[in-house]
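Below is one structure, written out as structure tokens; comments come after it.
Number of protein chains: 2
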Amino acid sequence: MTLAETRQLPARILNDFERSHPQPLVLVLNLLRVGSLLDKEITDYLSRYDLTGPQVGVLRILGHYYEHGRDGMPLSEIGECLAVTKANMTGMVDRLERDGLVVRESDPTDRRIKRVRLTPKAHELHGRIKPGLLQYLTELMAVLEASEKEQLLDSLGKLRRVLGDAAVSEPDGCDLGVVAQ
Amino acid sequence: MTLAETRQLPARILNDFERSHPQPLVLVLNLLRVGSLLDKEITDYLSRYDLTGPQVGVLRILGHYYEHGRDGMPLSEIGECLAVTKANMTGMVDRLERDGLVVRESDPTDRRIKRVRLTPKAHELHGRIKPGLLQYLTELMAVLEASEKEQLLDSLGKLRRVLGDAAVSEPDGCDLGVVAQ
DNA sequence: ACCTTTTAATAAACACGTTGACTATTAAGA
DNA sequence: TCTTAATAGTCAACGTGTTTATTAAAAGGT
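Protein sequence lines correspond, in order, to chains A and B.
Here the numbering used here is used: the first residue of the first sequence is 1, the next is one more, and so on.
Here the numbering used here is used: the first residue of the second sequence is 1, the next is one more, and so on.
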């Protein structure tokens with residue numbers, strides 16, 4: 001029974017349905033569920049490259065900034081892009097460094113900062129992964145009509161704003177075009 | 001710049017934008033971001049009760065089934081409802097049991113099964129949490145118009161189906177009305 | 001009846017996320 | 001200048017998720 005269909009039910013039944021499954025709760029549970037399913041799907045796809053979703057996120061950020069002439073990025077700054085704490089970045093960079101995909105370099109102008117830089121291996125790997133992953137995601141999203149995708153993006157933008165996403169509405173910031181305001 | 005606005009740009013600029021930020025990728029990143037922000041938001045709200053989102057998920061499932069006369073649920077079955085592995089359920093139930101919110105009981109008819117049951121403390125706690133949490137989520141979702149919520153639910157349902165969510169379209173199954181097909 | 005396959009739960013090892021505490025360094029203000 | 005506050009990174013402890021392997025019990029086929 002879709003929510004739309006409940007609209008056509010007698011008031012008594014609608015009330016019963018609404019009482020046990022209020023629409024906002026249903027909405028939130030669906031958002032969380034799609035997020036986790038999408039995460040699993042991407043993790044699964046990337047397992048053939050021995051990479052995880054968050055790891056590719058880091059490669060994507062660093063790759064994008066590299067293409068814009070900024071080589072080497074502080075851990076905290078990467079964390080802001082990914083909406084993740086700097087403590088978490090320490091572990092992420094540890095594992096990427098262990099796998100030879102990034103290096104930590106000291107910043108000569110500020111000795112607190114460690115700049116993370118992609119290795120040649122990572123540049124090659126990311127370039128090899130990107131097209132296929134994009135193709136894969138495009139196929140997944142193809143279940144939605146063009147107008148539906150526009151609307152979805154718009155709604156998600158509103159939710160990001162109400163949820164206080166710092167990366168929303170940064171013109172050419174770390175958000176990489178994810179902004180849907 | 002919204003996706004809609006890019007529609008009105010000269011083809012050359014649109015191509016540049018599309019090349020670095022293809023819409024399907026933007027869509028996926030937004031879905032993942034909203035999922036994680038929502039998760040943090042709920043975690044934060046529930047911290048005052050010393051509970052986590054997934055823990056309340058278990059209470060919600062067990063509470064719902066209890067109200068329908070089914071007291072005690074196998075670990076695996078809870079896992080199916082939450083789209084989570086049974087290995088994960090072991091740890092979840094461990095912590096809930098440690099906190100005195102559930103008990104494991106042996107099933108007399110099938111000695112492989114442990115049935116998880118809510119304690120009185122959990123019933124009381126869940127009843128106390130539910131209204132406020134629902135109110136909170138309702139306020140969050142209030143940024144969306146009614147028609148927008150309907151459309152969002154519809155799109156999320158399509159995504160859940162293409163992502164192979166087992167709980168989709170189970171009439172009165174463990175999905176608790178989350179189905180938006 | 002016996003053997004094989006499936007199923008339920010657990011455990012170990014790992015990735016990822018949090019908070020809170022800590023060190024080192026830089027920035028700011030009296 | 002000297003004290004104080006803010007910032008970058010790390011670490012420890014924890015919760016949640018995965019996969020893989022193991023044990024025990026149930027189910028099925030010959």
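Every residue gets a Cβ at the ideal spot worked out from N, C-alpha and C, and that includes glycine.
Opposite residue i in the DSSP bridges: which residues?
| i | result |
| --- | --- |
| Met73(B) | Val116(B) |
Report the three-state DSSP secondary structure of residue i (helix, strand or coil).
| i | result |
| --- | --- |
| Leu27(B) | helix |
| Leu153(A) | helix |
| Gly53(A) | helix |
| Gly164(A) | coil |
| Thr90(B) | helix |
| Asp39(B) | helix |
| His68(A) | coil |
| Glu84(A) | A small correction: the amino acid at residue 84(A) is Val; Glu does not occupy that position in the sequence shown. Coil, per DSSP. |
| Asp44(B) | helix |
Do residue j and residue i come within 8 Å of each other at the CB atom, strictly closer than that value?
| i | j | result |
| --- | --- | --- |
| His126(B) | Gly63(B) | yes |
| Leu140(B) | Val102(A) | no |
| Met73(A) | Arg115(A) | yes |
| Ala166(B) | Glu80(B) | yes |
| Leu120(A) | Thr138(B) | For the record, residue 120(A) in the displayed sequence is Pro; it is not Leu. No. |
| Gly35(A) | Val34(B) | yes |
| Leu59(B) | Ala122(B) | yes |
| Glu148(B) | Ser155(A) | yes |
| Val93(B) | Leu159(A) | no |
| Leu38(A) | Val28(B) | yes |
| Gln151(A) | Gln151(B) | yes |
| Lys86(B) | Leu96(B) | no |
Near residue i, what residues of its chain come up, given a Cβ to Cβ distance below 7 Å and the 5 sequence neighbours on each side ignored?
| i | result |
| --- | --- |
| Leu71(B) | Here residue 71(B) is Asp; the residue named in the question, Leu, does not match the sequence. Within the same chain, Asp71(B) has close Cβ partners Arg117. |
| Ser106(B) | Lys114 |
| Tyr65(A) | Met73 |
| Leu46(B) | Thr52, Gly53, Val56 |
Residues in its own chain within less than 6 Å of residue i by CB, not counting five upstream and five downstream?
| i | result |
| --- | --- |
| Ala83(B) | none |
| Asp99(B) | none |
| Pro108(B) | none |
Spatial neighbours of residue i within its chain, please: C-beta separation below 8 Å, excluding the five flanking residues on both sides.
| i | result |
| --- | --- |
| Thr43(B) | Thr52, Gly53 |
Runs of alpha helix (DSSP H) lying entirely within the stretch 101-146 of chain A, each at least 4 residues, in chain order: The qualifying runs are 120-141.
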